[in-house]
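> This is the structure I want to talk about, given as C-alpha cells.
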Amino acid sequence: MEHVSAVLLGVPYTLLVTVVALAIGAVLGLPLALARRSPLAVLNVPARVVIDVLRGIPPVVWLFIIFFGIGNQFVTLDPIQAGSLGLGLISAAYLAEIYRSGLGAVHSGQWEASSALGLSRTDSMVRVVGPQAFRVALPAASTYAIGLLKDSSVVSAIGVADIVFQATGDSRATGAALAPFLVAAAIYILLGTPLAIASRRMDSRLRMRVAR
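When we follow our numbering, the leftmost residue of the sequence shown carries the number 152, and every step to the right adds one.
See the structure below:
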C-alpha cells in the first residue's frame, strides 16, 4: 500500500503534461495539416519537413534539447513547461497527419457542393468539411491520446515528478526493485482504459453512420 500512495503522487503531473501537450498538438497540428494538403510547394514542403523532423527524433532527445538547451540559453522553462512543450510539438506532427487523413476522407464533392451554395473556402471548411473530417479523425486522435499518456513517462528524465519519477524514487527509497513499477503499470492501465473504451465506442458509432 505504501508503494501505491507514493506512486499516486505522480498522477496529477502525468495528467497535466498529457493534457497540455495534447492541447498544444491539437492547435498546432491543424495549420500543419492544412499546409501539408496545400498544392503550393512553398507550404507543402516546409510542413512535410517539420512533421518528419518532429517525428524522426526520439521524444527524450527533444526534451533534452528544449530543457537543457533552449531552457538554459534563451528562456527559462521549468521541467513541466519543457516537457509539455516538447511533447506538444511532437503531438502536433502526429495529429497533423491524423487531421490530414480525416480531411482526405471527405469526398471532394463536398467542396464542390459548398461552393455551389455560395460558401467561401473558409466557410466550407468550418461548416461542411471540417465537422465531417473531425468525426473521421476523432477515433485515431483518441488512440493517439492514449499513446501520449503512456509516452509522457519520458518527462521523468528531465525531473517532472510524474508516475515513473515517483516509482523510481520509491524504489530507491525502499529498496523494492519491482513493486513500485508494477503499481505504476497498473495506474497507467487504469488511466488509459476509459480512453480506450471511449475510442472504441466512437469508432463503432462512426462505422455505423458510414454504413447507413
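The beta carbon of each residue, even a glycine, is placed where N, CA and C say it ideally should be. Bear in mind the structure is a predicted one, so any value in this text is a computation, not a measurement.
1. Use the C-beta contact count for H154: other C-beta atoms within 10 angstroms, 16 or more gives buried, fewer gives exposed.
2. Indicate the three-state DSSP secondary structure (helix, strand or coil) for L329 in the structure shown.
3. Is it buried or exposed, F225, if we count other Cβ atoms within 10 angstroms and call 16 or more buried?
4. In terms of residue numbering, what span does the alpha helix (DSSP H) encompassing P290 cover?
5. Rounded to whole angstroms, what's the CA-CA distance from A270 to A264? Just pull it up for me.
6. I'd like the list of long-range same chain contacts for A172, defined as Cβ closer than 6 Å, with 5 residues on each side in sequence excluded.
7. In this structure, how does DSSP classify D321 when only helix, strand and coil are distinguished?
8. Note down the Cα distance separating P282 from L185, rounded to an integer number of angstroms.
9. If you compare alpha carbons, which of Y295, V311, A312 is closest to S350?
10. Between the alpha carbons of L194 and R187, how many angstroms are there, rounded?
11. Compare the C-alpha of A233 against each of I348, I338, V311 and name the closest.
12. Can we say the segment 317-335 touches the segment 284-295, given the rule of at least three CB pairs closer than 8 Å?
13. Mind checking G176: buried by the 16 CB within 10 Å criterion, or exposed?
14. Just verifying my parser: in three-state terms, what is the DSSP assignment at F316?
15. Assign Y161 to one of three DSSP states: helix, strand, or coil.
16. Rounded to whole angstroms, what is the Cα-Cα separation between S307 and S259?
17. Cutting at 8 Å between CB atoms, please list the residues of its own chain near M353, excluding the five before and the five after it.
18. Short of 7 Å in beta carbon distance, which residues of its chain neighbour A362, apart from the five on each side in sequence? Order them along the chain.
19. Excluding the 5 residues preceding and the 5 following V334 in the sequence, name in chain order all residues of the same chain whose CB lies nearer than 6 Å to its CB.
Looking at the atomic coordinates:
1. buried
2. coil
3. exposed
4. 281-302
5. A quick correction: the sequence has Leu, not Ala, at residue 270. Cα to Cα, L270 sits roughly 9 Å from A264.
6. Annotation for A172: S235, L238, G239, S242 place their beta carbon closer than 6 Å to its own, counting only its chain and skipping 5 residues before and after.
7. helix
8. 15 Å
9. A check of alpha carbon separations from S350 across Y295, V311, A312 identifies Y295 as the nearest.
10. 7 Å
11. V311
12. no
13. Result: buried.
14. helix
15. Position check: residue 161 holds Gly in this sequence, whereas Tyr was assumed. The answer is coil: DSSP assigns G161 none of H, G, I, E or B.
16. Their backbone Cα atoms lie some 45 Å apart in a straight line.
17. Contacts found: L289, P290, S293.
18. Legend: pLDDT at A362 = 45, less than 50; position of this residue unreliable, value from coordinates given subsequently. Here the set comprises nothing.
19. Closer than 6 Å at Cβ, skipping near neighbours: H154, V155, V158.
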